[in-house]
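*Asks:* Protein chains in written order, with my numbering: chain F, 1 to 254; chain G, 1 to 228.
Note that the Cβ used here is the ideal one computed from N, Cα and C, for glycine as well.
#1: Assign residue 31/F to buried or exposed, taking buried as 16 or more other Cβ atoms, counted over all protein chains shown, within 10 Å of its Cβ.
#2: Between residue 74/G and residue 150/F, which are expected to be in contact by the criterion C-beta below 8 Å, what is the C-beta distance as a whole number of angstroms?
#3: Does the distance from the C-beta atom of residue 241/F to that of residue 129/G stay below 8 Å?
#4: Could you please tell me which residues of the stretch 16-38 of chain G, in chain order, have their CB closer than 8 Å to any CB of chain F?
#5: Quick one: is residue 163/G near chain F, going by C-beta distance under 8 Å?
#6: Measuring only between beta-carbons, confirm whether residue 162/F sits less than 8 Å from chain G.
#7: Can you pull the chain G residues whose beta carbon is under 9 Å from the beta carbon of residue 118/F, in chain order?
#8: Going along chain G in order, which residues have a C-beta closer than 9 Å to the C-beta of residue 238/F?
#9: Residues in its own chain within less than 7 Å of residue 139/F by CB, not counting five upstream and five downstream?
#10: Please list, in chain order, the residues of the stretch 128-149 of chain G that have any C-beta partner in chain F closer than 7 Å.
#11: For the alpha helix (DSSP H) holding residue 234/F, just list the boundary residues, first then last.
#12: Helix, strand or coil for residue 85/G? Go by DSSP, reduced to three states.
#13: Which stretch, first to last residue, makes up the alpha helix (DSSP H) that contains residue 145/F?
#14: Is residue 157/F helix, strand or coil when you go by DSSP?
#15: From the beta carbon of residue 157/F, is the nearest beta carbon of chain G less than 8 Å away?
#16: Leaving out five residues before and five after residue 244/F in sequence, what residues of the same chain have Cβ atoms less than 7 Å from its Cβ?
#17: Does residue 56/F come out as helix, strand or coil in the three-state DSSP assignment?
#18: Nearest to residue 133/G by alpha carbon, out of 82/F, 122/F, 111/F?
#19: Is residue 323/F helix, strand or coil when you go by DSSP?
#20: Leaving out five residues before and five after residue 159/G in sequence, what residues of the same chain have Cβ atoms less than 8 Å from its Cβ?
#21: Which residues in the same chain have their Cβ closer than 7 Å to the Cβ of residue 208/F, if we skip the five residues on either side of it in sequence?
#22: Closest to residue 101/F by CA distance: which of 111/F, 86/F, 127/F is it?
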């Protein structure tokens, strides 16, 4: 079986049906959780407008990264066909993870590289299995320990996670997020300064520029959205800022 | 009031039941799919090769998954974290998305509002991704040249920096002192040890620990001032 025919079979109807079925199941789970959360919000007296804002902001926020993820599907489709990368990146997968694991898996099954030309049915099945196994632990831990972990965090006197009064926890979560952003921004600076040799200043500065332009756009949009009658802008500020940052990266062109 | 609490207790119990069930079923399907596709193709996975591959790359991701579970579960609450671990793309999408929405509607971490908002945002974000990918896959032939054009390649390669730039502004602005220290420490670390850029996701832990340590000191100081 040559590379072309295996790729054709990997993008055939039955494989689409298997992968599409899993994606449909996960979409149904999301809809069930969404409807339950919405009803619960109304039942406990949450403001509908606030909930709508959260939903609108999340939807607009997710479009651009999703298009980026689609590129991951395209990148992997040349070696694994279309349905499997589509499944992986719709469910559980992560953009930065899939390519790396797929490449290592290809090496483990004896392929010189991850490509459609050398792919065999067994190599594909093994790579697909490894891609699933390597990233499943978050889901397993969540299924086993989510409840216990959240109850434990809510303290001995307050066992119900939904009831807990805000204290240091809120500050800790913001701090953790600041730590996460700092790690990434620091890595972009480190890549620029020392990426091509320590203090050579020859590394890529595009990520830094994209982050800076995006932050500047966010500053302007935050100011605008604070003005009377412009609050709606807040729901789209992250997506619009990202678009500006990405536009800057395209202009720099590396 | 009691009725509301009873409703909320039931909601949380059911969330855990549904979350566990959905996780187990998704897991079974994801592990079963390679065997099913293999059966269709006429070849089963080579388990020995899969084990070798797991040793070389899987162990790192296992550690990373444990860290992600410990760090992100409290951020997302019960419903949000079940969904996020099922749908993936945590760092580049789900976490910033939930944090942004939480901040926008001013829901405090650990409260019932946060639980609801987090679940709504993660579910919405996941559905948008599923929809965009489904449309993208359906239109793959006409879209491929546009999305893969060399002109747009740098834009899509920099989605995450653009995301963290915007989110960074929002958070740094309110916590400048808190943000400066981890940012300086991480920048110096990556400058002096550039090899660490390949393990940025693992560096979130020390960076977050520094920020949480500083936040704890601030919290203690404010409490003391409040008592005085």
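*Replies:* On the basis of the data shown:
#1: Position 31 of the first chain, counted from the first residue, corresponds to residue 31/F. Label assigned to residue 31/F: exposed.
#2: Walking along the second chain from the start, residue 74/G turns up at place 74. Walking along the first chain from the start, residue 150/F turns up at place 150. The Cβ separation is near 7 Å, so the contact holds.
#3: For the purposes of this step, residue 241/F is identified with residue 241 of the first chain, where counting begins at 1. For the purposes of this step, residue 129/G is identified with residue 129 of the second chain, where counting begins at 1. Going by C-beta atoms, residue 241/F is not nearer than 8 Å to residue 129/G.
#4: Cβ proximity to chain F below 8 Å picks out 16, 18, 19, 20, 22, 23, 24, 25, 26, 27, 29, 30, 31, 33, 34, 35, 36, 37, 38 from the stretch 16-38 of chain G.
#5: Your numbering for residue 163/G matches position 163 in the second chain. At least one chain F Cβ lies under 8 Å of residue 163/G.
#6: Reading the first chain from its first residue, position 162 is the one you call residue 162/F. Interpretation of residue 162/F is limited by its pLDDT of 46, a score under 50 that renders its predicted location unreliable; no figure is taken from the coordinates.
#7: Here residue 118/F is taken as the residue at index 118 of the first chain, counted from 1. Within chain G, no C-beta atom comes less than 9 Å from the C-beta of residue 118/F; the nearest is roughly 14 Å away.
#8: On the first chain, position 238 is the one that residue 238/F refers to. Under the 9 Å cutoff, chain G gives 96, 97, 100, 163, 166, 167, 170.
#9: Position 139 of the first chain, counted from the start, is the residue given in the question as residue 139/F. For residue 139/F, the CB contacts under 7 Å within the same chain, skipping 5 residues up- and downstream, are 92 in chain order.
#10: Taking a C-beta cut-off of 7 Å against chain F, the contacting residues of the stretch 128-149 of chain G are 128, 129, 130, 132, 133, 136, 137, 140, 144, 147, 148, listed in chain order.
#11: Sequence index remark: in the first chain, residue 234/F carries index 234 (1-based). It is not in any alpha helix (DSSP H) - residue 234/F carries neither H nor E in the DSSP assignment.
#12: Within the second chain, residue 85/G is the residue found at index 85, counting from 1. Note: residue 85/G maps to helix in three-state DSSP.
#13: By one-based count along the first chain, residue 145/F stands at place 145. Taken as a continuous stretch (DSSP letters only), the alpha helix (DSSP H) holding residue 145/F covers 137-153.
#14: Residue mapping note: residue 157/F aligns to position 157 of the first chain, counting from 1. Caution is warranted here: a pLDDT of 46 is assigned to residue 157/F, below 50, making its placement in the model unreliable, and the coordinate value is therefore given only provisionally. Note: residue 157/F maps to coil in three-state DSSP.
#15: Mapped onto the first chain, residue 157/F falls at position 157. Residue placement at residue 157/F is flagged as unreliable, the pLDDT there being 46, under the threshold of 50; the coordinate-derived value follows with that caveat. No Cβ of chain G is located within less than 8 Å of the beta carbon of residue 157/F.
#16: Indexing the first chain from 1 puts residue 244/F at position 244. Only 213, 214, 217 meet the Cβ criterion.
#17: What you label residue 56/F is simply residue 56 of the first chain in a count that begins at 1. In the structure shown, residue 56/F falls within a helical segment according to DSSP collapsed to helix, strand and coil.
#18: Position 133 of the second chain, counted from the first residue, corresponds to residue 133/G. Of the listed residues, the one whose Cα sits closest to residue 133/G is 82/F.
#19: Past the boundaries of the shown model lies residue 323/F; chain F is included only from 1 to 254, so the question cannot be answered.
#20: Here residue 159/G is taken as the residue at index 159 of the second chain, counted from 1. Same-chain partners within the cutoff: 92.
#21: By one-based count along the first chain, residue 208/F stands at place 208. These residues qualify, in order along the chain: 188, 189, 192.
#22: Position 101 of the first chain, counting from 1, holds the residue named residue 101/F. The residue with the shortest Cα to Cα distance from residue 101/F is 127/F.
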